[in-house]
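Residue 1354 in this note's numbering sits at position 84 of the sequence shown, with consecutive numbering throughout.
To start, the structure itself, in C-alpha cells.
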Amino acid sequence: MKVILFGASGMVGQGVLRACLEDPEVTEVLAVVRRPQGRAHPKLREVLHSDFTDLTPIAGELAGADACFYCLGVSAAGRDAAEYETITYTYTLEAARVVADNPALTFVYVSGEGTDSTEQGRSAWARVKGRTENALLAMDMHAYAFRPGWIQPLHGETSGTRWYRVMYRLTSWLYPVLRRVAPRYVTSTEQMGRAMLAATRLNGAEPRILHTDDINRLAS
C-alpha cells in the first residue's frame, strides 16, 4: 500500500507516520512537506513543495496512491478568518483534488469534535471544518472524517505549536482521569494512526464521520 501523508511534522501526523512505517502492508509513505524533516526510513520519501494551494507540480509524484492521510491543520486562535479558511478548506480540497483520480483511494481527514456539518452554526471554525468535511464526502473516493476529542501524544510525539506543547505538558496528568471517566472522548496518536490504516479496509462503508469512540474501535 502506497500512502500519502500531509502534516507529518504535527503531533497527529507524527503518530500516523509511525504507524505507517511499522505496518508491513505499507510499502511506501510520501510525506508532502515544505521543508525536510530529517527523518530517514527505507519506506519514507519526502516530497518538498511550498504552495499548498496548488499541488499540480507534484501531482505526478502522488499518482497511484492507495490512501491519503490528511493531518495538516491549525488552530483558529490568532488567525484571521481568511487565513484559517485557506489552510483548513483550500489546502485540504486541493490535496483531495490531486489524489482523487483513483476512486478506490481512501482519504482520511483529521477534523475535530464539535465540527458543524450544517455549516450554519455560530462558531466560524466549526462551520469551515463542516464545509471541508461535506466537500470531501461528496467526492468520488472513499473519504472519512475523523473527529477526535482529546488526543494523548505517545512515543515522544509533540505539537509544532508552542502553546499546544505547553498545554499538553500542563494537562498530561488528566489523561488517566479522562480515560476512566470519559473514555469515549479520549484517544491517542497511536490509535489515530492505527485507525487510519484500518479505514483503508472499509471500502467506503458507513459511517464516514467517525468520533473518538469510533476511532478507538477501528484501531483495536
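The C-beta atom is built at its ideal place from N, Cα and C for all residues, glycine as well.
From a predicted model like this one, the values you see are computed outputs, not experimental measurements.
Looking only at its chain, what residues have a beta carbon closer than 7 angstroms to the beta carbon of residue i, apart from the 5 residues adjacent to it on each side?
{"i": "residue 1409", "result": "1366, 1370"}
Have a look at the options and flag the residue whose alpha-carbon is nearest the alpha-carbon of residue i.
{"i": "residue 1372", "options": "1396, 1332, 1397", "result": "1332"}
{"i": "residue 1278", "options": "1294, 1368, 1316", "result": "1316"}
{"i": "residue 1393", "options": "1354, 1379, 1420", "result": "1354"}
{"i": "residue 1285", "options": "1340, 1324, 1479", "result": "1340"}
{"i": "residue 1282", "options": "1421, 1290, 1299", "result": "1421"}
{"i": "residue 1272", "options": "1480, 1470, 1476, 1383", "result": "1470"}
{"i": "residue 1314", "options": "1292, 1326, 1328", "result": "1292"}
{"i": "residue 1357", "options": "1383, 1321, 1378, 1384", "result": "1321"}
{"i": "residue 1490", "options": "1467, 1308, 1309, 1328", "result": "1467"}
{"i": "residue 1460", "options": "1487, 1350, 1477", "result": "1487"}
{"i": "residue 1475", "options": "1414, 1382, 1462, 1327", "result": "1414"}
Quick check: what's the CA-CA separation for residue i versus residue j?
{"i": "residue 1346", "j": "residue 1405", "result": "20 angstroms"}
{"i": "residue 1458", "j": "residue 1352", "result": "30 angstroms"}
{"i": "residue 1343", "j": "residue 1360", "result": "11 angstroms"}
{"i": "residue 1319", "j": "residue 1304", "result": "5 angstroms"}
{"i": "residue 1380", "j": "residue 1416", "result": "5 angstroms"}
{"i": "residue 1290", "j": "residue 1424", "result": "15 angstroms"}
{"i": "residue 1479", "j": "residue 1418", "result": "10 angstroms"}
{"i": "residue 1465", "j": "residue 1389", "result": "26 angstroms"}
{"i": "residue 1426", "j": "residue 1309", "result": "14 angstroms"}
{"i": "residue 1312", "j": "residue 1391", "result": "46 angstroms"}
{"i": "residue 1325", "j": "residue 1299", "result": "17 angstroms"}
{"i": "residue 1330", "j": "residue 1295", "result": "23 angstroms"}
{"i": "residue 1472", "j": "residue 1307", "result": "31 angstroms"}
{"i": "residue 1462", "j": "residue 1485", "result": "7 angstroms"}
{"i": "residue 1349", "j": "residue 1482", "result": "27 angstroms"}
According to DSSP, which residues form a beta bridge with residue i?
{"i": "residue 1295", "result": "Its beta-bridge partners do not exist; DSSP assigns none."}
{"i": "residue 1422", "result": "1458"}
{"i": "residue 1275", "result": "1301, 1339"}
{"i": "residue 1478", "result": "None; residue 1478 has no bridge partner."}
{"i": "residue 1413", "result": "1377"}
Leaving out five residues on either side along the sequence, give the residues of the same chain with a beta carbon under 8 angstroms from the beta carbon of residue i.
{"i": "residue 1363", "result": "1402, 1405, 1406"}
{"i": "residue 1375", "result": "1335, 1336, 1337, 1338, 1369, 1411, 1412"}
{"i": "residue 1386", "result": "1393, 1396, 1397, 1399, 1400"}
{"i": "residue 1383", "result": "1417, 1418, 1419, 1455, 1481, 1482"}
Going by beta carbon distance, what residues of the same chain come within less than 6 angstroms of residue i, once the five residues before and after it are set aside?
{"i": "residue 1301", "result": "1275, 1278, 1316"}
Kindly say whether residue i, judged by its beta-carbon, lies nearer than 8 angstroms to any beta-carbon of chain E.
{"i": "residue 1482", "result": "The question asks about chain E, but that chain is absent: this structure has only one protein chain."}
List in chain order: all unbroken beta strand (DSSP E) runs of 3+ residues lying wholly within the stretch 1305-1353.
1314-1318, 1337-1340
Would you list, in sequence order, the uninterrupted beta strand (DSSP E) runs of no fewer than 3 residues that lie entirely inside the stretch 1348-1382?
1376-1380
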